[in-house]
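2 protein chains.
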Amino acid sequence: MDVRALETLRTVRTQGGVAAAAAVLHLTPSAVSQQLAALSREAGVPLTERVGRGLRLTAAGDALADAAVDVAVAVERARASLAAFTGAAEGTVRVSAFQSGARLLLPPLLTRVRALGGVRVECSDEDVAQDAFPALTDRVDVVVAHRPDGGAEWAGDGSRLRVVPLLREPLDVAVPREHPLAGRDRVRAGDLVGEEWIAVREGFPVATVLAAVAAGSGAAPRIAHRINDFSIAEAMVAAGHGISLLPRFTGGGHPGVRLLPLAGVRAGRRVEALLRPDTAERLVVRRVLDELVAVAAEVTGASA
Amino acid sequence: MDVRALETLRTVRTQGGVAAAAAVLHLTPSAVSQQLAALSREAGVPLTERVGRGLRLTAAGDALADAAVDVAVAVERARASLAAFTGAAEGTVRVSAFQSGARLLLPPLLTRVRALGGVRVECSDEDVAQDAFPALTDRVDVVVAHRPDGGAEWAGDGSRLRVVPLLREPLDVAVPREHPLAGRDRVRAGDLVGEEWIAVREGFPVATVLAAVAAGSGAAPRIAHRINDFSIAEAMVAAGHGISLLPRFTGGGHPGVRLLPLAGVRAGRRVEALLRPDTAERLVVRRVLDELVAVAAEVTGASA
DNA sequence: CCGACGATGTAGCGTCGCTGCATGGACGTC
DNA sequence: GACGTCCATGCAGCGACGCTACATCGTCGG
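Take a look at the structure:
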């Protein structure tokens, strides 16, 4: 019962295939397949089954993968217990964030972490579809993700994934300053009928919020453009090519744009840190995560 | 961070040395030493330190060994989660017991287990000093041990050792049937002044109880013989070579001996099953342990 | 129907951990 | 105080295990 093979099994589950898991683990697909075969032989029952040209875990494999999480956590706790003696809560932590979250949180995080000393943070921006966020935790230690306010929990929340809330960010309606509504201090969904929208790509977190706003106005929204990058969307709004939903703390930098709070509709997104349970046990990771939480509190406190 | 090396570290702690650990793990001392060296190198701090010609764990090593227990438990849970699918709560379980406990519990345990099917129980009798019982759990899955009634807990109880109470057995005073006290239905400590005792060897569980009885009588007990085997002691009592303290359920088979309950002194021993926390997770072991608990209840219920 | 992708076997190789033996230090004994 | 014994540790040699590279088979899209 090799822990490396158990780790591999978990990765195959989260990545959804041998090839993807191999890429994450820096192995060849053959090695991954052999590990699964060995594990299955030892278990006495098949852990995976072919489905199409891919594969998925059997019930037994799923149960074992769940148990493998606890094994990984225990091993990481062991490492942490040693780190308490060497005094070394040092090392490098990989942090990723979606575009606007990265812009908001990563710079202050880096300055705070620099004061810690010995802790190196490697950042990357990862903008992926809603349901692809959890899988990122295999390549990155801390994943800053977002989801619509009342939306579904993350897949496998609880035992498979640790979720740390960072902040709740309201989504405001961004209009050009020459827009008739620009003088209002807040707008209702009904005020927005007939507007052209600049939305995000289908499957991305903010998309469902726009649908909710549209439902409040009674008409289907006319989506003219799909832009994932908020700063681009903001520039397009300023140029009068449509209106958009922009997160309050992130947007609002552009002088030609006014952000109007939405009344009557609860529009917002939750920004959370996603970690694998075993990664969450690492002392360095905990330190960085604490700083990230502090940064989030700072950012919301100053702006709200 | 190899789990085999962690297992080795635990064994070195419980067995108190490299050589003893190597014997238990079926390895050469050299291999054990190399594993410790590798682990220590990876940890960055020494995990062991020489003391005399042996060694002991450092504080860091002790902490890591504690964490290693959780790792082993998690791994064993993973195995158990698989066993739930193969339906195989089968295999062999090694059970050891001290002399009198073995005589009382093992025969009925074996008959009950035979009915289970697929479970093989290997018995052995292990009579060791009080503080040597926990270390037996490295060689044997279930260790039936005993300790004086109000005595100290087992070393490392809690996280390092799982303790399952089986029964409490009163210790009676065994006298030959021609003895002046033989007619009494119970005796007090004061009645026993001046008697010659047949005791157990120093360091064995019942020894401290005799000291307690002696303290009640006010005089130091005159110990004529030291016999660990109760059936031998019983025969010696019958032949008039002294009196003894015998466990009620175990002793009393000899026609020439009368067992007299002790009044005023709480004399007894606790019989308990000792398991390593990881072993306790194995499904086969749990099944056998359940049967053992049932046997203990049966035995005391019939005799009390 | 063909091309591409994904998973799985097989040969070959490197590496890691074990055994066997030799060394050095500590305790008990004569 | 010297010797023998026991224990832990270092080093050479060997075996085994797991990886890469390559080939094969099945499946899905064009």
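Sequence order for the protein chains is A and B. With full-length UniProt numbering, letter number 220 in the first sequence gets 220, and the count goes up by one each step, no holes. With full-length UniProt numbering, letter number 270 in the second sequence gets 270, and the count goes up by one each step, no holes. Cβ coordinates follow ideal geometry from the N, Cα and C atoms, glycine included.
Requested in this report: Say whether the region 33-51 of chain B touches the region 56-73 of chain A, bearing in mind that this needs 3 or more beta-carbon pairs closer than 8 Å, one atom from each stretch.
Outcome: no
**Report entry** Any 3 or more C-beta pairs closer than 8 Å across the region 249-258 of chain A and the region 122-142 of chain A
**Finding:** no
Report task. Report all residues from its chain with a CB closer than 8 Å to the CB of A224 (chain B); omit the five preceding and five following residues, and keep chain order. Result -> Within the second sequence, the letter at position 224 stands for residue 224 (chain B). Around A224 (chain B): E196, W197, I198, H241, G242.
Report task. Measure the alpha-carbon distance for A294 (chain A) versus L9 (chain B) and round it to whole angstroms. Result -> Position 294 of the first sequence holds residue 294 (chain A). Position 9 of the second sequence holds residue 9 (chain B). Distance between the alpha carbons of A294 (chain A) and L9 (chain B) is about 39 Å.
Report task. At 3 residues or longer, and completely inside the UniProt domain "HTH lysR-type" (1-58) of chain A: list those beta strand (DSSP E) runs for me, N to C. Result -> 48-51, 54-57
Query raised in the report: Residues bridged to D157 (chain A) by DSSP?
Result: The sequence position of residue 157 (chain A) within the first sequence is 157, counting from 1. The partner list for D157 (chain A) (beta bridge, DSSP) reads A:L161.
Query raised in the report: Residues of chain B with a CB under 7 Å from the CB of D70 (chain A): which are they?
Result: As a first step, residue 70 (chain A) is located in the first sequence; it is residue number 70 there, counting from the start. Going along chain B in sequence order, the residues near D70 (chain A) (Cβ under 7 Å) are A74, R77.
Query raised in the report: From the beta carbon of F85 (chain B), is the nearest beta carbon of chain A less than 8 Å away?
Result: The residue given as residue 85 (chain B) occupies position 85 in the second sequence. Chain A contact via Cβ: present.
Query raised in the report: Do the region 258-274 of chain B and the region 46-58 of chain B touch if we need at least three Cβ pairs shorter than 8 Å?
Result: no
Query raised in the report: Where Q214 (chain B) and A19 (chain B) are concerned, what is the direct C-alpha to C-alpha distance, given to the nearest angstrom?
Result: Locating residue 214 (chain B) in the second sequence gives position 214, counting from the first residue. Locating residue 19 (chain B) in the second sequence gives position 19, counting from the first residue. Before going further, note that residue 214 (chain B) is Ala rather than Gln in the sequence given. Their Cα atoms are separated by approximately 41 Å.
Report task. Return the first residue and the last residue of the beta strand (DSSP E) that I227 (chain B) is part of. Result -> Counting from 1 along the second sequence, the entry for residue 227 (chain B) is found at position 227. Element bounds for I227 (chain B): n/a, residue is neither H nor E.
Query - Within chain A, the residues that L64 (chain B) reaches when beta carbons sit closer than 7 Å - result: Along the second sequence, read from residue 1 onward, the residue named residue 64 (chain B) stands at position 64. Within chain A, the residues near L64 (chain B) are A78, S81, L82.
Query raised in the report: Which same chain residues, not among the five before or five after R168 (chain B), have their C-beta less than 6 Å away from its C-beta?
Result: Counting from 1 along the second sequence, the entry for residue 168 (chain B) is found at position 168. The answer, listed in chain order, is G268, R270.
Query raised in the report: Which residues, in chain order, does the UniProt domain "HTH lysR-type" (1-58) of chain B contribute to contact with chain A at a C-beta distance below 9 Å?
Result: M1, D2, V3, L6, E42, A43, G44, V45, L47, T58
Query raised in the report: Listing by chain order, which chain A residues have their CB less than 7 Å from the CB of A60 (chain B)?
Result: Locating residue 60 (chain B) in the second sequence gives position 60, counting from the first residue. Per Cβ cutoff of 7 Å: L82, F85.
Query raised in the report: Would you call the CB atoms of E76 (chain A) and E291 (chain A) closer than 8 Å?
Result: As a working note, residue 76 (chain A) is residue 76 in the first sequence. As a working note, residue 291 (chain A) is residue 291 in the first sequence. It is not a contact, given that the beta carbons lie outside the stated cut-off.
Query - Sufficient close CB pairs (3 or more, under 8 Å) joining the region 76-91 of chain B to the region 109-126 of chain B - result: yes
Requested in this report: Put A304 (chain A) into one of helix, strand or coil per three-state DSSP.
Outcome: Locating residue 304 (chain A) in the first sequence gives position 304, counting from the first residue. In this prediction, A304 (chain A) scores a pLDDT of 46, lower than 50, which makes its location untrustworthy; the coordinate-derived value is nonetheless stated afterwards. If DSSP states are grouped into helix, strand and coil, A304 (chain A) belongs with coil.
Query - Cross-strand partners of D125 (chain B) (DSSP beta bridge) - result: For the purposes of this step, residue 125 (chain B) is taken as the residue at position 125 of the second sequence. Its beta-bridge partners are B:A97.
Query raised in the report: For chain A, is any of its Cβ atoms less than 8 Å away from the one on A67 (chain B)?
Result: Here residue 67 (chain B) corresponds to residue number 67 of the second sequence, with the count starting at 1. Taking Cβ atoms only, chain A reaches closer than 8 Å to A67 (chain B), which makes this a yes.
Query raised in the report: Are the Cβ atoms of residue 333 (chain A) and V93 (chain A) separated by less than 8 Å?
Result: Any answer about residue 333 (chain A) is impossible in this case: the structure gives chain A only from 1 up to 304.
Report task. Specify the secondary structure class of A68 (chain A) as computed by DSSP and reduced to three states. Result -> For the purposes of this step, residue 68 (chain A) is taken as residue 68 along the first sequence, with counting starting at 1. Residue state, collapsed to three classes: helix.
**Report entry** Distance CB(A220 (chain A))-CB(V193 (chain A)) smaller than 8 Å
**Finding:** One-based indexing of the first sequence puts residue 220 (chain A) at position 220. One-based indexing of the first sequence puts residue 193 (chain A) at position 193. Contact: no.
Report task. Assuming L274 (chain A) and V143 (chain A) form a contact by the criterion Cβ under 8 Å, report the distance between their Cβ atoms to the nearest whole angstrom. Result -> The residue given as residue 274 (chain A) occupies position 274 in the first sequence. The residue given as residue 143 (chain A) occupies position 143 in the first sequence. Rounded, the Cβ-Cβ distance is 4 Å, consistent with contact.
Query - Coil, strand or helix - D172 (chain A) by DSSP - result: The sequence position of residue 172 (chain A) within the first sequence is 172, counting from 1. Three-state DSSP puts D172 (chain A) in a strand.
**Report entry** Among B:R53, B:A22, B:R4, nearest to L39 (chain B) - alpha-carbon criterion
**Finding:** For the purposes of this step, residue 39 (chain B) is taken as residue 39 along the second sequence, with counting starting at 1. Ranking the options by Cα distance to L39 (chain B), first place goes to B:R4.
Report task. Using the Cα positions of L109 (chain A) and V163 (chain A), report the straight-line distance between them to the nearest angstrom. Result -> Mapped onto the first sequence, residue 109 (chain A) falls at position 109. Mapped onto the first sequence, residue 163 (chain A) falls at position 163. The straight-line gap from Cα to Cα measures roughly 18 Å.
Query raised in the report: Under three-state DSSP, which class holds R266 (chain A)?
Result: Mapped onto the first sequence, residue 266 (chain A) falls at position 266. R266 (chain A) falls in the coil class under three-state DSSP.
Report task. Just grab the DSSP bridge partners of H146 (chain A) for me. Result -> Residue numbering aside, residue 146 (chain A) sits at position 146 when the first sequence is read from its first letter. Bridge partners of H146 (chain A): A:V271.
Query raised in the report: On the three-state DSSP scale, how would you describe P261 (chain A)?
Result: For the purposes of this step, residue 261 (chain A) is taken as residue 261 along the first sequence, with counting starting at 1. Three-state DSSP puts P261 (chain A) in coil, outside helix and strand.
**Report entry** Buried or exposed by the 16-neighbour rule on C-beta atoms within 10 Å, applied to G158 (chain A)
**Finding:** Taking the first residue of the first sequence as 1, we reach residue 158 (chain A) at position 158. Burial call: exposed.
Report task. Tell me whether S30 (chain A) is buried or exposed, calling it buried when 16 or more other Cβ atoms sit within 10 Å of its Cβ. Result -> Translated into the one-based positions of the first sequence, residue 30 (chain A) becomes position 30. Classification for S30 (chain A): exposed.
**Report entry** 8 Å Cβ cutoff, A304 (chain A) in contact with chain B
**Finding:** Reading the first sequence from its first residue, position 304 is the one you call residue 304 (chain A). Unreliable placement is indicated for A304 (chain A), whose pLDDT of 46 sits below 50; the coordinate value is still reported in the next sentence. A304 (chain A) does not count as touching chain B.
Requested in this report: Have a look at C123 (chain B) and L104 (chain B) and give me their C-alpha separation to the nearest angstrom.
Outcome: Here residue 123 (chain B) corresponds to residue number 123 of the second sequence, with the count starting at 1. Here residue 104 (chain B) corresponds to residue number 104 of the second sequence, with the count starting at 1. Their backbone Cα atoms lie some 13 Å apart in a straight line.
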